[in-house]
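**Student:** Keeping their order, the protein sequence lines are chains A and B. Just so you know, we're using this note's numbering here: the first sequence kicks off at 1 and counts up by one. Just so you know, we're using this note's numbering here: the second sequence kicks off at 1001 and counts up by one.
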Amino acid sequence: DAKTTQPPSMDCAEGRAANLPCNHSTISGNEYVYWYRQIHSQGPQYIIHGLKNNETNEMASLIITEDRKSSTLILPHATLRDTAVYYCIVRVLNAGGTSYGKLTFGQGTILTVHP
Amino acid sequence: NAGVTQTPKFRILKIGQSMTLQCAQDMNHNYMYWYRQDPGMGLKLIYYSVGAGITDKGEVPNGYNVSRSTTEDFPLRLELAAPSQTSVYFCASTGYTEAFFGQGTRLTVV
């Protein structure tokens, strides 16, 4: 599985967009980019995933560069409840959805949203 | 639909004791995982399973054992507890899009 690199910490003002970067320069063609977050001591929570197109759901947007070597998670209007550790993960998923890769976490980015 | 259920939530063990952390999922997922998380650190993969009867080591398997006799259950066994195994343990299962995590087991070895 490809490794990811994230900044250890970031700050964001409440109500502003939080843009969390992730580098995955060795990603291969069948690896998806996943984002999870962990609030306090709870189990990680899925946010979003994508292969090469930009994705958006009710929680966030995911922007993947054309060469797929990096991506950015965007929380459009950060709130205090978005303070958490955010993990970027790459994971193999074949076209038929019948084979999955290991789910390995790095150190993540500690996002602090302040008033 | 309970998702992923871990028991117990808390446990204190004495050095040398053994215990089993239980994990069960009701989503018919093939992949299941065990992680440990030390204070201020990320999640480290201990063991994972791609289906009943198949398990494999993760990043930090020493001191642990697993089994997967059914799709639903994936217990983690500590045979001789050591202080270095004091941690929070998370079990997870994955489907096509996302992983579901249990609430964690906070284990202290004294």
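For every residue, glycine included, the Cβ atom is placed at its ideal position computed from N, Cα and C.
Give every residue of the same chain whose Cβ lies closer than 8 Å to the Cβ of A60 (chain A), excluding the five residues on either side of it in the sequence, and list them in chain order.
**Tutor:** If we look at A60 (chain A) and ignore the five residues flanking it on each side, its Cβ neighbours are W35, I47, I48, L73, I74, L75, P76.
**Student:** So for L1080 (chain B), helix, strand or coil by DSSP?
**Tutor:** Three-state result, L1080 (chain B): coil.
**Student:** Can A1002 (chain B) and D1026 (chain B) be called in contact, C-beta distance under 8 Å?
**Tutor:** Closer than 8 Å, so yes.
**Student:** Please list the terminal residues of the continuous beta strand (DSSP E) segment that includes N23 (chain A).
**Tutor:** Unbroken beta strand (DSSP E) run through N23 (chain A): 18 to 23.
**Student:** Tell me whether Q45 (chain A) sits in a helix, a strand or coil according to DSSP, three-state version.
**Tutor:** Strand at Q45 (chain A).
**Student:** Taking 8 Å as the threshold (beta carbon to beta carbon), is F1090 (chain B) in contact with chain A?
**Tutor:** Closer than 8 Å: yes.
**Student:** Name the chain C residues whose beta carbon is nearer than 7 Å to that of Q107 (chain A)?
**Tutor:** Structure shown: chain C not included; protein chains present are A and B.
**Student:** Any beta carbon from chain B within less than 8 Å of L75 (chain A)'s own beta carbon?
**Tutor:** Chain B contact via Cβ: absent.
**Student:** For a quick check, are the C-beta atoms of L111 (chain A) and C12 (chain A) less than 8 Å apart?
**Tutor:** Yes, Cβ-Cβ distance for L111 (chain A) and C12 (chain A) is below 8 Å.
**Student:** Taking the alpha-carbon positions, what's the N1030 (chain B) to D1038 (chain B) distance?
**Tutor:** Straight-line Cα distance between these residues: approximately 27 Å.
**Student:** Near S1069 (chain B), which residues of its chain fall below 8 Å by C-beta distance, leaving aside the five closest residues on each side in sequence?
**Tutor:** Once the five neighbours on either side are set aside, the close Cβ partners of S1069 (chain B) are A1052, G1053.
**Student:** Can you give the Cα-Cα distance for T4 (chain A) and P1008 (chain B), rounded to whole angstroms?
**Tutor:** Near 33 Å, if we compare the C-alpha coordinates of P1008 (chain B) and T4 (chain A).
**Student:** Closest Cβ-Cβ distance between K102 (chain A) and chain B: below 8 Å?
**Tutor:** Judged by the 8 Å Cβ criterion, K102 (chain A) is in contact with chain B.
**Student:** If you compare alpha carbons, which of A:I63, A:K69, A:G43 is closest to G29 (chain A)?
**Tutor:** Among A:I63, A:K69, A:G43, the Cα nearest to that of G29 (chain A) is on A:K69.
**Student:** Please classify D11 (chain A): does DSSP put it in a helix, a strand, or coil?
**Tutor:** Looking at D11 (chain A) - three-state DSSP - the assignment turns out to be strand.
**Student:** Out of A:H24, A:F105, A:G50, A:N53, state which residue places its alpha-carbon closest to the alpha-carbon of F1090 (chain B).
**Tutor:** Residue A:F105 is the option with its Cα nearest to F1090 (chain B).
**Student:** Provide the residue(s) that pair with K1057 (chain B) in DSSP beta bridges, ordered along the chain.
**Tutor:** B:Y1047.
**Student:** Short check: CB of G1042 (chain B) to CB of G15 (chain A), under 8 Å?
**Tutor:** The answer is no: Cβ separation not under 8 Å.
**Student:** By how many angstroms is the C-alpha of L62 (chain A) removed from the C-alpha of T56 (chain A)?
**Tutor:** About 6 Å.
**Student:** Take the Cβ of R81 (chain A) as the centre, count every other Cβ of all protein chains shown within 10 Å, and call the residue buried at 16 or more, exposed below.
**Tutor:** The residue is exposed, with fewer than 16 neighbouring Cβ atoms inside 10 Å.
**Student:** Excluding the 5 residues flanking T79 (chain A) on each side, which residues of the same chain have their C-beta closer than 7 Å to its C-beta?
**Tutor:** The residues are E14, V113.
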